[in-house]
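Those protein sequences? They're chains A and B, same order as listed.
Numbers given in this note's numbering equal positions in the first sequence, counted from 1, plus 48.
Numbers given in this note's numbering equal positions in the second sequence, counted from 1, plus 31.
Remarks on the structure that follows.
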Amino acid sequence: MSISVQNISKTFKDKTALKNISFEVKEGELFGLIGPDGAGKTTLFRILTTLLFADSGTATVANFDAIDDYKKIRNNVGYMPGKFSLYQDLTVEENLEFFATIFGTTIEENYDLIKDIYVQIEPFKNRRAGKLSGGMKQKLALCCALIHKPKVLFLDEPTTGVDPVSRKEFWEMLKRLQTKGITMLVSTPYMDEAALCDRIALIQDGKILEIDTPQHIVKHYPKNIYNVSANNMYQLINSLKNYEHNYSVYPFGEFVHYSDKRNDFNPTDLKLYLEKQQLQNIQISKTAATIEDTFMELAK
Amino acid sequence: MKRFIGFIKKEFYHIFRDKRSLFILFGMPIAQIMLFGFAITNEINNVNIAILDHSKDETTKEIIHKIASSKYFTIAASILNETEIETAFKKGHVKAVLIFEKDFSKNLGKENNATVQVIADATDPNTANTISNYVSAILQNYQQQINVAVKTPYQIIPKTRMVFNPELKSVFMFVPGVMTIILMLVSAMMTSISITREKELGTMEILLVSPLKPFQVIIGKVVPYIFLSIINAIVIVLLGIFVFNMPVQGSYFLLAAESVLFIITSLSLGILISTVSASQQTAMMISLMALMLPTILLSGFIFPVSSMPLPLQIISNIVPAKWFIIILKGIMLKGVGIQFIWKSTLILVGMTLLFIGLSVKKYKIRLE
Chain A
49 MSISVQNISK TFKDKTALKN ISFEVKEGEL FGLIGPDGAG KTTLFRILTT
99 LLFADSGTAT VANFDAIDDY KKIRNNVGYM PGKFSLYQDL TVEENLEFFA
149 TIFGTTIEEN YDLIKDIYVQ IEPFKNRRAG KLSGGMKQKL ALCCALIHKP
199 KVLFLDEPTT GVDPVSRKEF WEMLKRLQTK GITMLVSTPY MDEAALCDRI
249 ALIQDGKILE IDTPQHIVKH YPKNIYNVSA NNMYQLINSL KNYEHNYSVY
299 PFGEFVHYSD KRNDFNPTDL KLYLEKQQLQ NIQISKTAAT IEDTFMELAK
Chain B
32 MKRFIGFIKK EFYHIFRDKR SLFILFGMPI AQIMLFGFAI TNEINNVNIA
82 ILDHSKDETT KEIIHKIASS KYFTIAASIL NETEIETAFK KGHVKAVLIF
132 EKDFSKNLGK ENNATVQVIA DATDPNTANT ISNYVSAILQ NYQQQINVAV
182 KTPYQIIPKT RMVFNPELKS VFMFVPGVMT IILMLVSAMM TSISITREKE
232 LGTMEILLVS PLKPFQVIIG KVVPYIFLSI INAIVIVLLG IFVFNMPVQG
282 SYFLLAAESV LFIITSLSLG ILISTVSASQ QTAMMISLMA LMLPTILLSG
332 FIFPVSSMPL PLQIISNIVP AKWFIIILKG IMLKGVGIQF IWKSTLILVG
382 MTLLFIGLSV KKYKIRLE
C-alpha cells in the first residue's frame, strides 16, 4: 500500500476536522478526495505530509509511519499545498532550481519526469512566477513538487482557480505521471475531475461517505434521474420543488436533475403538472446519475 | 551544504529584487544619521532674542554688544515697552527677551546691584533652559571683567573640563544611538518579516516537508542579513568619522566584533519574534512596539537612564540596546578596551543565547 490511513481523527479547538477516517491507496493509483470546502481535505493532506499530528489513528505513507518516520516521508513525497504560490519574485527557472537544490537534486537529473510539463512553461523561464497566469503557475508548482522524483505526490486542490482548458491539460499530465509509477492523492471540489481518478473518496464534514471507482460510485444512487428543461429555469426549479412526489431537485447546467419518490414514476404525469404551472417547452428525458448527484444523495 | 547555499542564494534574490525594502535598508541609516547629526541637536546657535532696554546707558550697551557678538545669539529686535513682549513671543520671531531695568548703570554704581530680566519662551523647555544658562554665563563673565580690581574675600570657582567630548557635540551621542537602532531594525525586523512571509505564502509548508533541516532554514534566513547589517554598521561609522568628525578612540577590531555580536543578538530576537507571529503584519508590529520604542526610549540613547524612575531603570536592563550603546560609547569616545566593557558584552552574549534557546524550543517542525 502506498498510503494507508487507519481511523484518523483530528479536532481543532472546537471544530472536528476529521472523524475516524480510514482508506488505502494502492501503489501507482490516482486517488481522488472529492468534497466541498471545509470537508477536511487539507487537514488530511497535512497529516499525511507529517505537518500535523492526528489526535488518534495511524497513517503510513510509502510504508513509513507518519509520526515515527516523518523524516523519511518528507524525503519521499512531493506536496503541492492548496494555497501554494511559489516564490513570486523568483523566475520560473530559479523556482525550479531552488526546489531541486533543497531536495538535493538537479533539474537535469530528473528532467525526463517533468519534461512534458516543463516544455510548456520553458518559453517563460525568465519570467517571475508572480507574473504567470494561474494555469502556468500550477504547471510550475507541479514541476517543483516533482523535481525530486517523489514516490507519492500530494496535490491539494491543484486546479482551483484555473481555467477549464488548463484544468483539462493538468489532469492529462497527472495521467501521464501515473504511467511513471507515481502514486497520487488529489483533492478537488470539482466533480467532473473526479471521473478521471482511478478511485475516489467522497468526503464531507470530516467523514468519508463512500469509496469506489467513479464508474461504480454512481450506482449508489438509488433512483432514476431525469433531465428536465423548460422555458423558465427559475420557475421550473420552484415548481419541481413544490411537486409533492419529488425526491431530489438539483440544477445541473441547462437541465434540472429530477428524481421521483415513486417507483412507478411516469414522466407524463410530471409534464402535465408542469404545464399546469404555466411552463412551456417542457422536455423530460432519462439520464445517468453523475458523481455530483451521488454526492448530494450521500451527503443528505 | 549545497542545499544550504541554494537556500541562501534564494534569500539574496528576495532581498535584491525588493527594491523598496532595499532602498529603506540602505537609505534609512544615511537619512537617520544625517537627521540626527544636523537637525536634531541640543546645542543652540544663533537664537533670535529681543532687547528691551529701559536705561540705554553705557553699561547696557556693552552687555548687549557682548551678547550680540557671541555665536549663540542674534539680536532680532529692539522692543520699546512691555506690551510688545507678548506679541513678539506670539509671533515666534524671538525665543527670549532681555529686559534691562531703568538706570541700570546708576544702580550698579550706587547700590552695587542691578537686574536684568530674562524672559524665555518655554514652549521648548530645553532650549529655554539653555538660553537662560548661556545668558547668565555671559553676564557673569562681564561681571568678572568689571570687577578685576576688586577682590571678594571668599570665592569658589568651578573649573569644568568636559572629557571625551570636549566640544559637547550631540552628534557624538547620536551616532552610537542611530547605529544601535538601525542594526536592531534591520536585523530583527527584516528577519522576522522574511520568515513570517514564508508562513504567509504557504511556502513554509513546502520547506517543512522538504529534507531541509529547520536550523538550516533559520540560519539561511539570517546569513544575508548579517551581511547587510555589517555593511550598514560600516556605513554609519564611516559617516560618523568623515561627516561629523566622530572619533574612534578604541580599537576598530573590538568595535567590529562587538557590532557583530549585537547583530547576532538582534537576529536571534528577530527569529524569536517570527516563531510567535503568524503573519508579516504581526511580526512588524511586535518588532516596532517591542523593539523600536524601548531601543529609542529606554536605552539611554536620548534620555539618560540614570534620570529615569526606578522601575524604568530596572526595565532598561533587559533592553539589549542599552548595553550596546554603553559598549559603543566606551569604544568610540572613551577608547576603552574589553576589560572595561566585558560585563556589557557578557550580558549581550547571555541574551543572545537565551533568544536562540527560546527560538529553538518554539520553532515548529510541524504546523501546530
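Every residue gets a Cβ at the ideal spot worked out from N, C-alpha and C, and that includes glycine.
Since the model is a prediction, treat every value here as computed from it, not as a measurement.
Problem - Alpha carbon of residue 328 of chain A to alpha carbon of residue 161 of chain A, nearest angstrom - result: Within the model, the alpha-carbon separation for residue 328 of chain A versus residue 161 of chain A is close to 55 Å.
Handout entry: Residue nearest to residue 139 of chain B in terms of C-alpha spacing, selected from B:189, B:117, B:86 and B:123
Key = The alpha carbon of residue 139 of chain B has as its nearest neighbour, out of B:189, B:117, B:86 and B:123, the alpha carbon of B:86.
Practice task
Taking C-beta pairs closer than 7 Å, name the residues in chain B that residue 103 of chain A reaches, listed in chain order.
Solution key: Result: empty, since nearest Cβ-Cβ is about 11 Å, beyond 7 Å.
Problem - Beta carbon proximity, residue 218 of chain B to chain A, threshold 9 Å - result: The Cβ of residue 218 of chain B sits no closer than 9 Å to any Cβ of chain A.
Handout entry: Cut-off 7 Å between Cβ atoms - residues of its own chain near residue 217 of chain B, not counting five sequence neighbours on either side
Key = Taken in chain order, the residues that qualify are 56, 256, 259, 260 and 263.
Exercise for the section: State the DSSP-derived secondary structure class of residue 384 of chain A, mapped to helix, strand or coil. Expected result: Lying outside 49 to 348, the shown extent of chain A, residue 384 of chain A is not represented and no answer is given.
Problem - chain A contact residues for residue 242 of chain B, given Cβ-Cβ distances below 8 Å - result: Near residue 242 of chain B (Cβ distances below 8 Å), the residues of chain A are 119, 122, 123, 150, 151 and 152.
Practice task
Provide the residue span of the beta strand (DSSP E) that contains residue 107 of chain A, from first to last.
Solution key: Residue 107 of chain A -> beta strand (DSSP E) spans 104 to 109.
Exercise for the section: Spell out whether any CB of chain B is found under 9 Å from the CB atom of residue 270 of chain A. Expected result: The beta-carbon of residue 270 of chain A is placed no less than 9 Å from the nearest beta-carbon of chain B.
Handout entry: Chain-ordered chain A contacts of residue 49 of chain B [CB-CB under 9 Å]
Key = Residues of chain A passing the Cβ test: 137.
Handout entry: CB contact check: residue 215 of chain A to chain B, cutoff 9 Å
Key = Not a single C-beta of chain B is nearer than 9 Å to the C-beta of residue 215 of chain A.
Practice task
Starting from residue 44 of chain B, follow the alpha helix (DSSP H) in both directions and report where the run begins and ends.
Solution key: Segment 33 to 48, the alpha helix (DSSP H) holding residue 44 of chain B.
Handout entry: 9 Å Cβ cutoff, residue 197 of chain A in contact with chain B
Key = Not one chain B Cβ lies under 9 Å of residue 197 of chain A.
Exercise for the section: Step through the CB atoms of chain B and report whether any lies within less than 9 Å of the CB of residue 146 of chain A. Expected result: It does: the Cβ of residue 146 of chain A has a partner Cβ on chain B nearer than 9 Å.
Practice task
Compile a chain-ordered list of the residues in the region 207 to 234 of chain A whose CB is closer than 9 Å to at least one CB of chain B.
Solution key: In summary, no residue of the region 207 to 234 of chain A has a CB separated from any CB of chain B by less than 9 Å.
Problem - Residue ranges of each beta strand (DSSP E) within the region 228 to 270 of chain A, 3 or longer - result: Runs found: 231 to 236, 247 to 252 and 255 to 260.
Exercise for the section: Return the Cβ separation of residue 83 of chain B and residue 128 of chain B in integer angstroms, given the expectation that the two are a contact with Cβ distance under 8 Å. Expected result: Contact holds; Cβ gap of about 6 Å.
Exercise for the section: May I ask which residues mark the beginning and end of the beta strand (DSSP E) holding residue 80 of chain A? Expected result: Its beta strand (DSSP E) spans residues 78 to 82.
Practice task
Consult DSSP for residue 151 of chain B and reduce its assignment to one of helix, strand or coil.
Solution key: Here residue 151 of chain B sits in strand by DSSP.
Practice task
Determine the extent of the alpha helix (DSSP H) in which residue 256 of chain B is found, giving its start and end residues.
Solution key: Residue 256 of chain B -> alpha helix (DSSP H) spans 245 to 275.
Problem - Close-in-space but distant-in-sequence residues of the same chain around residue 270 of chain A (CB under 8 Å, 5 per side omitted) - result: The residues 345, in chain order, have a CB closer than 8 Å to that of residue 270 of chain A in the same chain once the five nearest residues on each side in sequence are set aside.
Exercise for the section: Run through the region 112 to 164 of chain A for me and flag every whole beta strand (DSSP E) of 3 or more residues, listed as ranges in chain order. Expected result: List check, beta strand (DSSP E) in window: 125 to 128.
Exercise for the section: Express the C-alpha separation of residue 115 of chain B and residue 64 of chain B in angstroms, rounding to a whole number. Expected result: C-alpha separation (whole angstroms): 40 Å.
Handout entry: Complete alpha helix (DSSP H) runs within the region 149 to 209 of chain B (minimum length 4 residues, chain order)
Key = 156 to 177, all fully within the region 149 to 209 of chain B.
Practice task
Using the Cα positions of residue 194 of chain B and residue 80 of chain B, report the straight-line distance between them to the nearest angstrom.
Solution key: Each residue's alpha carbon lies about 31 Å from the other.
Handout entry: One or two residues paired with residue 274 of chain A in a DSSP bridge
Key = A:306 and A:334.
Problem - Where residue 341 of chain B falls, given that 16 or more other Cβ within 10 Å makes a residue buried - result: Classified as exposed, residue 341 of chain B has fewer than 16 neighbouring CB atoms from the shown chains inside 10 Å of its CB.
Handout entry: Cβ-based burial, residue 320 of chain A [other Cβ within 10 Å; buried from 16]
Key = Exposed, because fewer than 16 other Cβ atoms sit within 10 Å of the Cβ of residue 320 of chain A.
Practice task
Would you kindly report the start and end of the unbroken alpha helix (DSSP H) that includes residue 291 of chain B?
Solution key: From DSSP, the alpha helix (DSSP H) with residue 291 of chain B extends over 283 to 307.
Exercise for the section: Identify whether residue 101 of chain A lies in helix, strand or coil by the three-state DSSP scheme. Expected result: If DSSP states are grouped into helix, strand and coil, residue 101 of chain A belongs with coil.
Practice task
Verify the CB distance criterion: does residue 192 of chain A have a CB-CB separation below 9 Å to chain B?
Solution key: Against chain B, the CB of residue 192 of chain A has a partner CB under 9 Å away; the residue lies at that interface.
Exercise for the section: Answer with buried or exposed for residue 396 of chain B, where buried requires no fewer than 16 other C-beta atoms within 10 angstroms of its C-beta. Expected result: Residue 396 of chain B should be labelled exposed.
Practice task
Answer yes or no: the CB of residue 340 of chain B versus the heavy atoms of the ligand FAD, is any distance below 8 Å?
Solution key: Although the ligand FAD was asked about, the structure shown includes no ligands whatsoever.
Exercise for the section: Could you round the C-beta distance between residue 339 of chain A and residue 265 of chain A to whole angstroms and report it? I think they count as a contact, below 8 Å. Expected result: Residue 265 of chain A and residue 339 of chain A do touch by the CB rule: their CB atoms are close to 6 Å apart, below 8 Å.
Problem - Residue environment, residue 341 of chain A, which counts as buried when at least 16 other CB atoms sit within 10 Å - result: Buried, because 16 or more other Cβ atoms sit within 10 Å of the Cβ of residue 341 of chain A.
Exercise for the section: Tell me, to the nearest whole angstrom, how far the beta carbon of residue 363 of chain B is from that of residue 279 of chain B; I am working on the premise that it is less than 8 Å. Expected result: For residue 363 of chain B against residue 279 of chain B, the beta-carbon gap comes to about 5 Å, under 8 Å, which counts as contact.
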